[in-house]
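Numbering (the UniProt record's numbering), first residue to last: 1 to 296.
As C-alpha cells, then:
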C-alpha cells in the first residue's frame with residue numbers, strides 16, 4: 001500500500017511543479033495578440049472530451065462556421081477508449097465536405113488527424129494512482145504538440161510520398177474543460193517556455209519541428225510567404241496559442257479545469273454574463289472575457 005501512495009504523491013508533486021513553473025515563468029510568446037491579415041493558414045488543435053465536452057466543442061465549431069481554407073490543418077485529441085469523440089470528429093469533418101466548405105483537393109489530402117492519448121484519469125480510478133496516469137497523459141500530449149506522437153510519425157512516413165503536409169506546432173489550441181485539456185495546455189505552455197533553450201542547445205531538433213510547421217502553407221496569393229499567425233512586431237511565427245472556453249452549463253461558477261487553466265491560457269472565454277470579469281484565485285491581472293453563447 002505504501003508504494004502506490006509514495007509514487008502517487010511524487011507524481012502529483014511533479015505535476016504541480018510543472019503547473020507552477022508554467023504559471024509564473026512567462027514565455028517569449030506571452031504578448032498581447034496582434035491583429036493579423038486575413039487568410040493566413042492556421043493549424044488548429046481541438047481537445048475533445050467524453051460525451052458533453054465533445055458535443056459542446058463541435059457545436060461551437062459549427063457555430064463559428066470554421067473555414068477550412070484558413071484552418072488548413074485540424075488535429076483532434078481524444079482519450080483512449082473514447083470512440084464516441086473520434087466518431088463525432090469524423091462526422092464533423094464529413095459535414096464540412098458535404099456543405100461545400102472543403103474543396104475537393106483539400107478533402108483528398110486529409111487535412112485533419114485524430115490522435116489518441118492515454119486518459120488523464122479513468123472512471124472510478126483511485127486518486128492514489130491518478131497522478132501517474134495524468135503524467136503519462138501529459139507526456140503523450142507533449143509528443144502530440146511536437147509532432148512526435150506515434151500516430152503522427154506514421155502519418156509523417158505516409159505523407160513523405162504525398163502532397164499532404166505534416167503538421168508541426170499547432171497555432172491555436174481549443175479546449176473546453178476535459179482533463180486531457182489541462183495536460184495539453186500545460187504542455188503547450190512549457191514548450192513555449194523552453195523553445196528558446198531548445199533552439200540554442202538543440203537547433204537541429206527545433207528545425208525539424210519548425211520545418212513541418214512551414215510545410216502547412218495556404219496556396220492563396222495573400223499567404224504564400226506565411227506559415228501561420230505571426231507576431232507583427234517580431235516578425236516570427238506565432239504558435240501554441242491557447243484558448244479555454246468555459247462550458248455553457250457553467251452559469252455562476254467556473255469549473256475546476258477552468259480554475260487551474262485560468263492563469264495559463266492566452267484567452268479565457270465565458271458564455272454567461274454572470275462570469276464576466278472572473279479573475280481567478282489570485283487575480284493575475286486579467287479577467288475572463290464574456291462572449292455570449294457560442295453553441296449552434
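Heads up, the beta-carbon is just placed ideally off N, CA and C, and yes, glycines get one too.
Residue(s) in a DSSP beta bridge with residue i
i	result
residue 116	78
residue 268	244
residue 73	43
residue 290	270
Residue i vs residue j beta-carbon contact at 7 Å
i	j	result
residue 266	residue 242	yes
residue 181	residue 47	yes
residue 193	residue 145	no
Spatial distance of residue i from residue j (CA atoms)
i	j	result
residue 128	residue 120	13 Å
residue 223	residue 171	At residue 223, the pLDDT of 36 sits below 50, so the modelled position is not reliable; the number obtained from the coordinates is stated separately. Their Cα atoms are separated by approximately 15 Å.
residue 155	residue 77	15 Å
residue 174	residue 189	14 Å
residue 86	residue 115	9 Å
residue 272	residue 261	18 Å
residue 70	residue 295	21 Å
residue 138	residue 179	10 Å
residue 252	residue 270	10 Å
residue 287	residue 268	8 Å
residue 131	residue 117	15 Å
residue 58	residue 89	8 Å
residue 239	residue 195	11 Å
residue 134	residue 183	8 Å
residue 142	residue 256	22 Å
residue 280	residue 53	22 Å
residue 126	residue 98	44 Å
residue 297	residue 276	As shown, the chain starts at 1 and ends at 296. That puts residue 297 outside it, with no answer to give.
residue 250	residue 72	31 Å
residue 84	residue 153	24 Å
residue 258	residue 149	26 Å
residue 151	residue 79	13 Å
residue 244	residue 278	13 Å
residue 140	residue 66	27 Å
residue 274	residue 62	25 Å
residue 94	residue 254	33 Å
Where the alpha helix (DSSP H) through residue i begins and ends
i	result
residue 260	256-261
residue 98	83-98
residue 47	Where residue 47 is concerned, there is no enclosing alpha helix (DSSP H), although the beta strand (DSSP E) it sits in stretches over 43-47.
residue 62	52-64
residue 127	From DSSP, residue 127 is part of no alpha helix (DSSP H); its letter is neither H nor E.
Interface flag, residue i vs chain C, CB-CB below 7 Å
i	result
residue 49	No chain C appears in the structure shown, which is made up of a single protein chain.
Which listed residue (the options) has its alpha carbon closest to that of residue i
i	options	result
residue 41	56, 74, 97, 274	74
residue 60	246, 189, 130, 251	246
residue 50	275, 280, 177	177
residue 112	122, 133, 96	96
residue 44	53, 63, 68	68
residue 82	123, 65, 63	123
residue 64	92, 79, 84	92
residue 186	264, 126, 151	264
residue 56	133, 80, 248	248
residue 169	153, 147, 126, 152	147
Limits of the beta strand (DSSP E) - the one that residue i falls within
i	result
residue 244	241-245
residue 175	172-175
Contact test: residue i Cβ vs the ligand MN heavy atom, cutoff 6 Å
i	result
residue 73	Of ligands this structure carries none, so the ligand MN is not represented either.
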